[in-house]
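Quick mapping for you: the protein sequence lines, in order, are chains A and B. Position one of the first sequence corresponds to residue 9 (my numbering), numbered consecutively onward. Position one of the second sequence corresponds to residue 26 (my numbering), numbered consecutively onward. Glycine residues also receive a C-beta, built at the ideal position from the N, C-alpha and C atoms.
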Amino acid sequence: MTLPPSLEAILTFLQNWWVEIVCGVVIVAVVPLIAGYVVLVERKLMADMQARLGPMRVGPHGLLQPIADALKLLIKEDLIPDNADKLIFWLAPVISMVAAMTSMGAIAFGPTFQVARDINIGILFVIGVSSLGLLGIILGGWASNSHYSIIGAIRSTAQLVSYETAAGLAIVGALLLAGTLRIRAIVDAQQQLGVWFIFLTPVAFFIYLVASIAETNRAPFDLPEAESELVAGYMTEYSGFRWALYFLGEYANMIVVGSVATTLFLGGWLRPFPNVHWLDWLDFLPPLIIAAVGVYCVYRAGKQPAEIQIWFMWAVALTCFAVAVIFAVPLFVTSLKFILPGLHGAFWFLLKVSGYIYLFMWLRFTLPRYRFDQLMHLGWYILIPLAIVNVLAIGVAMILESEFSWNRWFAALLTSLFTLGVAAFLVNLYDKRTAAASAPATAAARDPYAG
Amino acid sequence: MLDSITFYFFAGVAVLSAALMVTRHNAVHSAVLLVTTLLATAGIFLQLRAEFIFITQIILYVGGIMVLFIFVIMLVRLDVALHHIRFRLQRWVALFVALALGVEITVVFLFARRLPGQGLLIQEPAPADKLPPNTEELARSLFSSYLLPFEIASVLLLVAMVGAVVMAKKRIDQ
């Protein structure tokens, strides 16, 4: 039987690309679930830090809460304000989410698990496409035809334009050390050097951390949606599923910046100390950690009040044990050893990303919100100059190492200390400026009746 | 086969959204369509396997549009712009420019082949797996053969930026 040529072309296309298509579908299907559970973890952590219990009703310890929330959002009435620009109002949340999902395509979750084939411009693609999500925010804010929304959208743009520069320059620091934009090559460079880049350029990591919190609009930089000032900022007028899309985009964006930070500074999918052979027992950690979670679930199952919750806890525990066995099998069966890097790589990668997101949440619950002028000053007067100095310092350190054969660690330490000195100088300068600016205002210049 | 499908798709989207962009009355709609045009152009770059140009197009132009949005929202009062301000002459100027451009392109395509050795340079596309990684290639040519123009252009941009800051600052200080 001969196939018509068009069908044959489609078949060869599928043959060449089925791995990518399957990975893409998996990402689109799994990321909303992960985002939902990130929300649950965030609420639980917040409750923990405020000495509360958090969601407890739906499922044991609220484990089914995200699914209930998603169902509720799906069947909620979808309101569109009368004077809104309907088409753009409809389009904006979609842009936000599509941008976040697309940029996830280029991220390598393990040495073998990546949607896009290892593209040349890897890290640039992730940054560039994820910044398109801002378009969704600003369009949504404008189309709502509401003052709160538009102020939120404008704040968001100003914030992102300011902090993207700092984030980009911080990334340049790590890219200089790696010498490539390819995501896999960046991680390989860290393996060859035997050190994560965070230890060579801690300042760049710190700048990226601050800038990425600002880019994802999270506290203490959540001015675009500051609830005490702007109700909910750009998404004030949104409800139901459209609102959920914005929310999903925001959390997907958190995963994206976490993945970029992990790839660039935290060694990607490498386990800690990948080159130290007497630490090879660390390979046994992933199944052990997952099994420990299962044991904990068994322990908690006895303390559940209702019988169905006990069964649910046991089911979670058994799932954990099954996953632990899957992780453990390639360690012992030599014929399956080839899936070890992919499987365990994904584990370590996701562990590091979770750690980064945990840091985000921790900062959110402990720091008060910035004022907008403070935010702009921090970005333009401190972070951007610091990032520029840091790029120069890394260049100097690399030349000292290659041309004058200095010790790598000594050069890195020296330049990092220099950058920290510059940071102290900038902060000092900023303090003096603000002190000088506020001094006359408190004395005579301010007329209380001037209006 | 796949290449030509993607090319015609992106080209069609680019042309269509460009045409819609100049005919919309609402400035924000025009800006959205401009983004679409630029993204479609970026898609064509990608189809030509110029991935660095593709991402530069997205980061610079689409990023620039964000700032354009802010200007549109903050500086143009849309309701006023819609009803009162009409630059009548614009239509004739635009028609003239479009005609001139059309004639120019037609002449180039019609007569290019007749000029010996000076026609349009049509090269066979290199096989995809043999292309050099073009980020590195671009960096190499920018920082070796075109170093002086590159530096002059960057100094020019720096001067423009400093000038803008100085002008804005003067107004704030007064």
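Q. Sorted by chain position, which residues of the same chain lie with C-beta nearer than 6 Å to Gly62(A)'s C-beta, five sequence neighbours on each side aside?
A. Arg51, Lys52, Ala55
| task | Classify Ala458(A) as buried or exposed, calling it buried when 16 or more other Cβ atoms lie within 10 Å of its own Cβ. | result | Interpretation of Ala458(A) is limited by its pLDDT of 49, a score under 50 that renders its predicted location unreliable; the figure taken from the coordinates is listed afterwards. The residue is exposed, with fewer than 16 neighbouring Cβ atoms inside 10 Å.
task = Report, in whole angstroms, the separation of the C-beta atoms of Ala166(A) and Trp150(A), which I expect to be a contact under 8 Å.
result = Actually they are not in contact, since the Cβ atoms of Ala166(A) and Trp150(A) sit about 15 Å apart, beyond 8 Å.
Taking DSSP as the reference, what is the three-state secondary structure of Asp90(A)? Coil at Asp90(A), not helix or strand.
- Indicate whether the contact test is met: 3 or more Cβ pairs, each with one atom in the segment 209 to 219 of chain A and one in the segment 176 to 187 of chain B, closer than 8 Å. no
May I have the straight-line CA-CA distance separating Glu76(B) from Phe35(B), to the nearest angstrom? The alpha-carbon separation between Glu76(B) and Phe35(B) amounts to approximately 15 Å.
**Prompt:** When we look at the beta-carbon of Gly429(A) and count the other beta-carbons within 10 Å, is it buried (16 or more) or exposed?
**Reply:** Exposed, because fewer than 16 other Cβ atoms sit within 10 Å of the Cβ of Gly429(A).
Point to revise | Spatially closest choice to Thr301(A) from Val137(A), Pro313(A), Thr327(A), by CA coordinates | key: The question names Thr, yet the displayed sequence has Val at residue 301(A). Of the listed residues, the one whose Cα sits closest to Val301(A) is Thr327(A).
- Item | Collapsed DSSP secondary structure at Glu233(A) in the structure displayed | Helix.
query: Checking contacts by CB at 8 Å: is Gly188(B) closer than that to chain A?
result: no
*Taking Cβ positions only, does Gly37(B) come closer than 8 Å to chain C?*
Here the protein chains are A and B, and chain C is not one of them.
- Please name the residue, chosen from Thr20(A), Val36(A), Val27(A), that lies closest to Leu253(A) on a Cα-to-Cα basis. Checking every option, the nearest Cα to that of Leu253(A) belongs to Val36(A).
Closest residue to Ile39(A) among Ala325(A), Ala260(A), Val137(A), Gln198(A) (Cα-Cα distance):
The identity of residue 39(A) in the sequence shown is Val, whereas the question assumes Ile. That would be Ala260(A), whose Cα lies nearest to the Cα of Val39(A).
Quiz item: How about Arg62(B): is its C-beta nearer than 8 Å to some C-beta of chain A?
Solution: As written in the sequence, residue 62(B) is Thr, which differs from the Arg given in the question. Answer no: the Cβ-Cβ gap between Thr62(B) and chain A never drops below 8 Å.
**Request:** Note down the Cα distance separating Asp439(A) from Thr423(A), rounded to an integer number of angstroms.
**Result:** 24 Å
- prompt: In chain order, what residues of the same chain have a beta carbon less than 8 Å from the beta carbon of Pro228(A), not counting five sequence neighbours either side?
  reply: Ile221, Leu371, Arg372, Leu375, Pro376, Arg377, Tyr378
Would Ala100(A) and Gly148(A) be called neighbours here (beta carbons separated by less than 8 Å)? Closer than 8 Å, so yes.
### Message
Can you pull the chain B neighbours of Leu140(A), defined as C-beta to C-beta under 8 Å?
### Response
Ile83, Val87
#### Entry: Where Ala458(A) sits in the DSSP three-state scheme
A caution first: Ala458(A) carries a pLDDT of 49, below 50, which makes its placement in the model unreliable, though a value can still be read off. In the structure shown, Ala458(A) sits in coil (DSSP, three-state: anything other than H, G, I, E or B).
* To do: Go ahead and label Phe133(A) buried or exposed: buried means 16 or more other beta carbons lie within 10 angstroms of its beta carbon, across all protein chains shown.
  => buried
Problem - DSSP three-state assignment for Thr450(A), whether helix, strand or coil - result: Because Thr450(A) sits at a pLDDT of 49, beneath the cut-off of 50, its placement in the model cannot be relied upon, and the following sentence gives the value as read from the coordinates. The answer is helix: DSSP assigns Thr450(A) an H, G or I state.
**Cβ neighbours of Ala451(A) in the same chain (closer than 7 Å, five flanking residues each side left out)** = The pLDDT assigned to Ala451(A) is 47, lower than 50, so where the model puts this residue is not dependable, and the model offers no usable value.
| message | I need the straight-line Cα distance from Arg65(A) to Pro74(A), nearest angstrom please. | response | 12 Å
**Item:** Cross-chain neighbours of Glu76(B) in chain A, by beta carbon under 7 Å
**Value:** Ile127, Asn128, Ile129
Less than 8 Å between the beta carbons of Ala42(B) and Thr62(B), yes or no?
The displayed chain sequence assigns Ser, not Ala, to residue 42(B). Taking 8 Å as the Cβ cut-off, Ser42(B) and Thr62(B) qualify as a contacting pair.
(Q) Can you tell me whether Ile127(A) is helix, strand or coil according to DSSP? (A) coil
Requested in this report: Give the C-beta separation of Leu383(A) and Leu231(A) to the nearest angstrom, bearing in mind that I take them to be a contact with Cβ-Cβ under 8 Å.
Outcome: 6 Å
task = Select from Ser343(A), Thr342(A), Ile334(A), Val341(A) the residue whose C-alpha is nearest the C-alpha of His352(A).
result = For His352(A), the closest alpha carbon among the candidates Ser343(A), Thr342(A), Ile334(A), Val341(A) is that of Ile334(A).
- Could you name the residues of the segment 174 to 198 of chain A whose beta carbon sits closer than 7 Å to any beta carbon of chain B, in the order they occur along the chain? Leu189
Query raised in the report: Taking the alpha carbon of Thr188(A) as the point to measure from, which residue in Leu58(B), Ser29(B), Thr160(B) has its own alpha carbon closest?
Result: Thr160(B)
Kindly indicate the opening and closing residues of the alpha helix (DSSP H) around Tyr259(A).
248 to 273
message = Can you list, in chain order, the residues of its chain with a C-beta nearer than 7 Å to that of Asp488(A)? Leave out the 5 residues immediately preceding and following it.
response = Because residue 488(A) is not part of the residues shown, which for chain A are 9 to 459, the question remains open.
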